[in-house]
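The sequence shown begins at 0 in numbering that gives the first Met the number 0 and counts up one residue at a time.
Taking it in order: structure first as structure tokens, then the write-up.
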Amino acid sequence: MSISAVIPVKNRPSLIVQAIGSCLAQSRAPDEIIVVDDGSDDATPDIVKDLAAKESRIKLIRRENSGGAALARNLGAAQAEGRWLAFLDSDDRWHSDKLESQLALARQFPDAPAIFCGIRYDYATRKARIGIPKSVVSHADLTVSNVLASTSAAFVRKDRFEEVLGFDAALPNCEDWDLWLKLAKLGPLPVVQAPLVEYSFEATNKLSRDVTKLLRGHELVFARIAAECGSGRLSALHDLKRAELHIRVTGEVMKALRFIKSAVRQSPSGEVLRRSVHLMGLMTVHGARL
Numbered sequence: 000m001s002i003s004a005v006i007p008v009k010n011r012p013s014l015i016v017q018a019i020g021s022c023l024a025q026s027r028a029p030d031e032i033i034v035v036d037d038g039s040d041d042a043t044p045d046i047v048k049d050l051a052a053k054e055s056r057i058k059l060i061r062r063e064n065s066g067g068a069a070l071a072r073n074l075g076a077a078q079a080e081g082r083w084l085a086f087l088d089s090d091d092r093w094h095s096d097k098l099e100s101q102l103a104l105a106r107q108f109p110d111a112p113a114i115f116c117g118i119r120y121d122y123a124t125r126k127a128r129i130g131i132p133k134s135v136v137s138h139a140d141l142t143v144s145n146v147l148a149s150t151s152a153a154f155v156r157k158d159r160f161e162e163v164l165g166f167d168a169a170l171p172n173c174e175d176w177d178l179w180l181k182l183a184k185l186g187p188l189p190v191v192q193a194p195l196v197e198y199s200f201e202a203t204n205k206l207s208r209d210v211t212k213l214l215r216g217h218e219l220v221f222a223r224i225a226a227e228c229g230s231g232r233l234s235a236l237h238d239l240k241r242a243e244l245h246i247r248v249t250g251e252v253m254k255a256l257r258f259i260k261s262a263v264r265q266s267p268s269g270e271v272l273r274r275s276v277h278l279m280g281l282m283t284v285h286g287a288r289l
């Protein structure tokens with residue numbers, strides 16, 4: 000089964016070398032590596048050109064003007080020749096057995112539209128964290144939050160990607176979560192139970208650091224889920240997610256507390272109460288502010 004790696008990049012000359020290197024180091028290497036340069040104004044495209052001159056599997060697509068990561072991924076996927084699309088963000092890296100492990104799991108789940116894996120999150124100032132979703136993630140799991148996390152963990156059948164029209168480039172953020180929700184309607188989403196992606200916080204131009212776009216993206220996806228599911232429980236859980244974003248990202252404790260209070264008021268269940276207590280503990284860890 001042929002595999003196309005798709006890497007969007009903008010102004011990351013050193014990191015793109017590491018990302019491509021992790022593709023070439025795979026025990027089951029991709030058949031092609033499509034790098035979509037999204038309007039870089041530094042040496043990034045020239046570096047990719049030099050690598051492509053030495054390795055025929057590397058293909059560079061250049062956009063003169065930046066259209067965002069989602070649009071870049073869609074462009075790369077449209078030109079991919081592989082049956083499977085393996086997405087990789089330019090500041091992340093794969094473990095050497097990532098593709099081989101996902102391909103093996105795909106053979107066990109022939110109807111799965113996508114295969115995922117666990118992630119190791121490397122922080123600059125605190126201990127690394129490992130996140131591994133459960134072995135098979137459902138649409139119901141994803142209505143609560145993006146439990147599958149980073150795009151770099153995704154291994155997607157190209158025909159299924161095209162069936163759901165790929166990433167929604169109109170979303171300011173959370174386009175990955177939106178895609179997982181669409182794919183989960185087509186079949187199970189199995190997960191390799193190992194952290195095969197190194198998620199780095201090294202880059203300074205990460206989309207996830209744009210707080211306004213991050214919060215807006217979540218609100219838009221929340222609205223889409225609510226329109227389909229319309230559950231009081233889901234509304235409460237989404238409020239808890241809003242609280243978590245303020246604790247982890249903005250540090251605004253009063254906003255977080257308001258969302259926690261709203262969640263408990265809507266659904267004072269054991270599930271909501273347990274998550275609320277957990278979030279209260281996170282406030283100290285993340286140094287939330289008034």
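Note that CB positions come from ideal geometry on N, CA and C, so glycine has one too.
Q: Return helix, strand or coil for residue 18, following the three-state DSSP convention.
A: Along the sequence shown, read from residue 1 onward, the residue named residue 18 stands at position 19. Helix, per DSSP.
Q: In angstroms with no decimal places, state the Cα-to-Cα distance between residue 250 and residue 211.
A: Sequence index remark: in the sequence shown, residue 250 carries index 251 (1-based). Sequence index remark: in the sequence shown, residue 211 carries index 212 (1-based). In a straight line, the C-alpha of residue 250 is about 14 Å away from that of residue 211.
Q | Rounded C-alpha distance that separates residue 57 from residue 1 | A | Within the sequence shown, the letter at position 58 stands for residue 57. Within the sequence shown, the letter at position 2 stands for residue 1. Roughly 15 Å between the two C-alpha positions.
Q | Buried or exposed (CB count within 10 angstroms, at least 16 for buried), residue 216 | A | Residue 216 sits at position 217 when you count from the first residue of the sequence shown. Buried, by the Cβ-count rule.
Q) If you draw a straight line from the C-alpha of residue 70 to the C-alpha of residue 253, how long is it? A) One-based indexing of the sequence shown puts residue 70 at position 71. One-based indexing of the sequence shown puts residue 253 at position 254. Residue 70 and residue 253: Cα-Cα distance of roughly 36 Å.
Q.
Which of the three DSSP states is assigned to residue 221 in this structure?
A. By 1-based counting over the sequence shown, the position of residue 221 is 222. The answer is helix: DSSP assigns residue 221 an H, G or I state.
**Q.** C-alpha distance - residue 75 paired with residue 142, whole-angstrom precision
**A.** Here the question's residue 75 lines up with position 76 in the sequence shown. Here the question's residue 142 lines up with position 143 in the sequence shown. Straight-line Cα distance between these residues: approximately 28 Å.
**Q.** For residue 229 and residue 265, believed in contact at Cβ under 8 Å, the rounded distance
**A.** Taking the first residue of the sequence shown as 1, we reach residue 265 at position 266. Taking the first residue of the sequence shown as 1, we reach residue 229 at position 230. With a Cβ gap of about 13 Å, residue 265 and residue 229 do not count as contacting.
Q | First and last residue of the uninterrupted beta strand (DSSP E) at residue 265 | A | As a first step, residue 265 must be located in the sequence shown, where it is residue number 266. Taken as a continuous stretch (DSSP letters only), residue 265 belongs to no beta strand (DSSP E), being part of the alpha helix (DSSP H) at 252-265.
Q) Can you tell me whether residue 157 is buried or exposed, with buried defined as 16 or more other CB within 10 angstroms of its CB? A) Along the sequence shown, one-based indexing puts residue 157 at 158. With 16 or more Cβ atoms within 10 Å of its Cβ, residue 157 is classed as buried.
Q.
Given a cut-off of 9 Å on the beta-carbon distance, is the pair residue 137 and residue 187 in contact?
A. The count along the sequence shown starts at 1 and reaches residue 137 at position 138. The count along the sequence shown starts at 1 and reaches residue 187 at position 188. For residue 137 and residue 187, yes; Cβs fall inside 9 Å.
**Q.** Three-state class that DSSP yields for residue 282 in the structure shown
**A.** As a position in the sequence shown, residue 282 is number 283, starting the count at 1. Helix at residue 282.
Q.
Residues in the same chain with beta-carbon distance under 8 Å from residue 170, minus the five sequence neighbours each way, listed in chain order, please.
A. Position 171 of the sequence shown, counted from the start, is the residue given in the question as residue 170. Taken in chain order, the residues that qualify are 69, 177, 216, 219 and 220.
(Q) Below 8 Å on the Cβ atoms is my contact criterion, and I expect residue 161 with residue 167 to pass it. Report the Cβ-Cβ distance as a whole number of Å. (A) Locating residue 161 in the sequence shown gives position 162, where the first residue counts as 1. Locating residue 167 in the sequence shown gives position 168, where the first residue counts as 1. Not quite, the Cβ-Cβ distance comes to about 14 Å (not below 8 Å), so this is no contact.
Q. Over what stretch of residues does the alpha helix (DSSP H) that includes residue 44 continue unbroken?
A. Within the sequence shown, numbered from 1, the residue matching residue 44 stands at position 45. Where residue 44 is concerned, the enclosing alpha helix (DSSP H) stretches over 43-53.
Q.
Please report the distance separating the alpha-carbon of residue 275 from that of residue 246.
A. As a first step, residue 275 is located in the sequence shown; it is residue number 276 there, counting from the start. As a first step, residue 246 is located in the sequence shown; it is residue number 247 there, counting from the start. The alpha-carbon atoms of residue 275 and residue 246 are separated by roughly 12 Å.
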